Amino acid sequence: MIGTNVDQKASVVLMGHIGIYSSEWDQDFFLGVPYALPPTATKYAAACVGYGSDHDSYSNVSEDCLYLNIVRPSSSVRPGSERLPVVVWIHGGALNEGSANDLRYNLTFIVDRSVKIDKPIIAVSINYRLSIWGFITGNEAIHSGNANLGLKDQRLALKWVKENIGYFGGNTSQITIWGESAGAFSVGAHLTAYGSRDDNLFHGAIMQPGSPLYYGSIRDWNKTAYNIVSEGMSCNTMDGGLQCLREVSFEKRNSFITETGLTQAGLWQPVVDGDFIQGHASEQLADGAFVRVPIITGANSDEGTAVVNGTLFDATLDNEEKTDEYSYIAPWLSARETNTLKFLESTFPRVISNPIDVQKLTIYSISYSPPFPPAISRQSGTSTEMKKFLHTDRMLNGILPPSRTEIAVWRTPTTAMQPSMPRVV
Numbered sequence: 001m002i003g004t005n006v007d008q009k010a011s012v013v014l015m016g017h018i019g020i021y022s023s024e025w026d027q028d029f030f031l032g033v034p035y036a037l038p039p040t041a042t043k044y045a046a047a048c049v050g051y052g053s054d055h056d057s058y059s060n061v062s063e064d065c066l067y068l069n070i071v072r073p074s075s076s077v078r079p080g081s082e083r084l085p086v087v088v089w090i091h092g093g094a095l096n097e098g099s100a101n102d103l104r105y106n107l108t109f110i111v112d113r114s115v116k117i118d119k120p121i122i123a124v125s126i127n128y129r130l131s132i133w134g135f136i137t138g139n140e141a142i143h144s145g146n147a148n149l150g151l152k153d154q155r156l157a158l159k160w161v162k163e164n165i166g167y168f169g170g171n172t173s174q175i176t177i178w179g180e181s182a183g184a185f186s187v188g189a190h191l192t193a194y195g196s197r198d199d200n201l202f203h204g205a206i207m208q209p210g211s212p213l214y215y216g217s218i219r220d221w222n223k224t225a226y227n228i229v230s231e232g233m234s235c236n237t238m239d240g241g242l243q244c245l246r247e248v249s250f251e252k253r254n255s256f257i258t259e260t261g262l263t264q265a266g267l268w269q270p271v272v273d274g275d276f277i278q279g280h281a282s283e284q285l286a287d288g289a290f291v292r293v294p295i296i297t298g299a300n301s302d303e304g305t306a307v308v309n310g311t312l313f314d315a316t317l318d319n320e321e322k323t324d325e326y327s328y329i330a331p332w333l334s335a336r337e338t339n340t341l342k343f344l345e346s347t348f349p350r351v352i353s354n355p356i357d358v359q360k361l362t363i364y365s366i367s368y369s370p371p372f373p374p375a376i377s378r379q380s381g382t383s384t385e386m387k388k389f390l391h392t393d394r395m396l397n398g399i400l401p402p403s404r405t406e407i408a409v410w411r412t413p414t415t416a417m418q419p420s421m422p423r424v425v
């Protein structure tokens, strides 16, 4: 439900969980576990409503989406065996898209890897509300305690894990939270949450890359976006506009948000609310107001440039088409970025000339096209590796890469797709 805080008390489950076993990987999967009900968990639940290329591949999207998935090594969890460390994965996607159900984040291979190095773990991935559904930012939402709901969803999931993972063989004193991009920011936000209150929900944090420095005070564009939705739903003429929005059907709200272009990342974001986020993170960090746990942080090579559309690398574009490209992205660039782009364009030739190759790269540019034209990577020594969790030597749906020289190959220890894992699409 839009702008609705959920019960912050996670329930405890009993023994006798129903999951599925993978003989190929010797792992147990508990998928689509609701935060507050005993798990009967043999398939993925719905992804949370969001907007972006990730969501284009999700067939099951719903407001009813607060679920988590658990992958554990079967042979390592036996009566009397030592309880296993736990990692909780928080997906990225600019807090606007993505899901724990995404097969790139199935966690199977990293659990398998942990067993092979004799350090077995249990891995958990969580859904949380996104975009306006999780980060509505009007003043009423802030004053009523209904801002930053996506982060509060994550917190509730962490409470559930803390209270229940022991039933799955996990060690409740060895829980590490771990995220990428917006997921990494989320990890940082939990380090400073509630004025750095330590609820003992986690004991380590991994951010790749990110920090809690992302949020700030509510901005004019946040207010404008909220006002547009309120007016469009005829909820701006009365007190209790947030409750009015809740009473509008999901289909009507979602259609309006989509049609008016209020789906862009950045419109609905975490803000200082005096509750979950009590102040600017830079000030909290300077004051030492953060949870003291071991931290690993890093950067994923060229991560941001992965969203550049494949057509930008098309050697067949004429000058007029290139001008159109620049005019489209110019408003988003600083003067320095514009000069850098022009330098790259003049220094490194576009190397993809086959129209079919360009089309293939364009279709899956969000995760599969090289972040920069290969000529740049070859001549500058820049790595084109991007740490995502899915890699076969094919694109999605079996489409082959244009060539081994024109498509980056990403292999990381967290890379796996395997037949016994239920598919999302």
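Numbered according to UniProt numbering, the sequence shown spans residues 1 to 425. Cβ coordinates follow ideal geometry from the N, Cα and C atoms, glycine included. Source: prediction; values computed, not measured.
Beta-carbon proximity check, residue i vs residue j, cutoff 8 Å
i	j	result
valine 88	leucine 158	yes
valine 291	histidine 280	no
leucine 130	valine 49	yes
proline 270	glycine 204	no
asparagine 69	leucine 31	yes
isoleucine 165	threonine 176	no
tryptophan 268	isoleucine 126	no
leucine 213	lysine 162	no
valine 33	proline 73	no
glutamate 97	glycine 169	no
serine 211	glycine 92	no
phenylalanine 135	leucine 149	yes
asparagine 146	proline 209	no
alanine 189	methionine 207	no
phenylalanine 29	serine 23	no
phenylalanine 256	glycine 288	no
Limits of the unbroken beta strand (DSSP E) element including residue i
i	result
phenylalanine 185	Looking at the DSSP string, phenylalanine 185 is not in any beta strand (DSSP E); the run it does join, the alpha helix (DSSP H), is 182-196.
threonine 297	295-297
threonine 176	170-179
Own chain partners of residue i with C-beta closer than 7 Å, once the 5 adjacent residues on each side are dropped
i	result
serine 186	Ile90, Leu151, Gln154, Gly179
glycine 241	Glu140, Ser230, Cys235
isoleucine 356	Because isoleucine 356 carries a pLDDT of 49, less than 50, the predicted location of this residue cannot be relied on, and the following value inherits that uncertainty. Cβ within range, chain order: n/a, list empty.
glutamine 284	Thr192, Ser196, Phe290
glycine 261	none
glutamine 174	Pro85, Val86, His203
glutamate 63	Met1, Val49, Trp133, Phe250
serine 76	Leu84, Val115, Pro120
glycine 298	Gln208, Pro209
Residues of its chain near residue i, where Cβ-Cβ distance is below 6 Å and the 5 sequence neighbours each way are ignored
i	result
isoleucine 218	Thr137, Val271
asparagine 222	Thr137
alanine 265	Ala94, Asn96
lysine 252	none
alanine 225	Leu262, Leu267
aspartate 198	Val291
isoleucine 296	Ile206
lysine 342	none
Residue span of the alpha helix (DSSP H) that contains residue i, given as start and end
i	result
phenylalanine 250	250-259
glutamate 97	Note, glutamate 97: premise wrong, no alpha helix (DSSP H); not H, not E.
leucine 242	241-247
leucine 142	First, the residue type needs correcting, since residue 142 is isoleucine and not leucine in the sequence shown. It spans 139-143 - the alpha helix (DSSP H) in which isoleucine 142 sits, taken as one unbroken run.
threonine 263	Looking at the DSSP string, threonine 263 is not in any alpha helix (DSSP H), and its letter there is neither H nor E.
serine 234	No alpha helix (DSSP H) contains serine 234, which DSSP labels as neither H nor E.
aspartate 153	149-164
phenylalanine 111	In the sequence on display, residue 111 carries valine and not phenylalanine. From DSSP, the alpha helix (DSSP H) with valine 111 extends over 108-116.
alanine 286	281-286
isoleucine 132	131-135
In DSSP terms, what residue i is bridged to
i	result
arginine 212	Reading off the sequence shown, one finds proline at residue 212, where the question assumed arginine. For proline 212, which the question treats as bridged, DSSP gives no partner whatsoever.
alanine 123	Val71, Val87
alanine 47	Val61
residue 433	For the chain, the structure presents residues 1 to 425; residue 433 sits outside this window and is missing.
methionine 207	Gly179, Thr297
proline 34	Tyr67
Cβ shell of residue i (< 8 Å), same chain only, five flanking positions each side left out
i	result
asparagine 227	Gly138, Asn236
glutamine 27	Tyr21, Val71, Arg72, Pro73, Ser74, Thr108, Val111, Asp112
threonine 258	Tyr51
serine 81	Gly169
Any non-hydrogen atom of the ligand MG within 7 Å of residue i CB
i	result
proline 79	This structure does not include the ligand MG; it has no bound ligands of any sort.
message: Using 8 Å as the cut-off, can you tell me whether the region 239-254 makes contact with the region 106-125, which would need three or more C-beta pairs spanning the two stretches below that distance?
response: Three or more Cβ pairs closer than 8 Å define a contact, and the region 239-254 falls short of that threshold against the region 106-125.
- request: Answer yes if the region 263-280 comes into contact with the region 194-209, meaning at least three C-beta pairs across the two stretches below 8 Å, and no otherwise.
  value: Segment contact: the region 194-209 against the region 263-280, three or more CB-CB distances shorter than 8 Å; contact assigned.
message: With three or more beta-carbon pairs closer than 8 Å as the criterion, would you say the region 103-114 touches the region 139-150?
response: no
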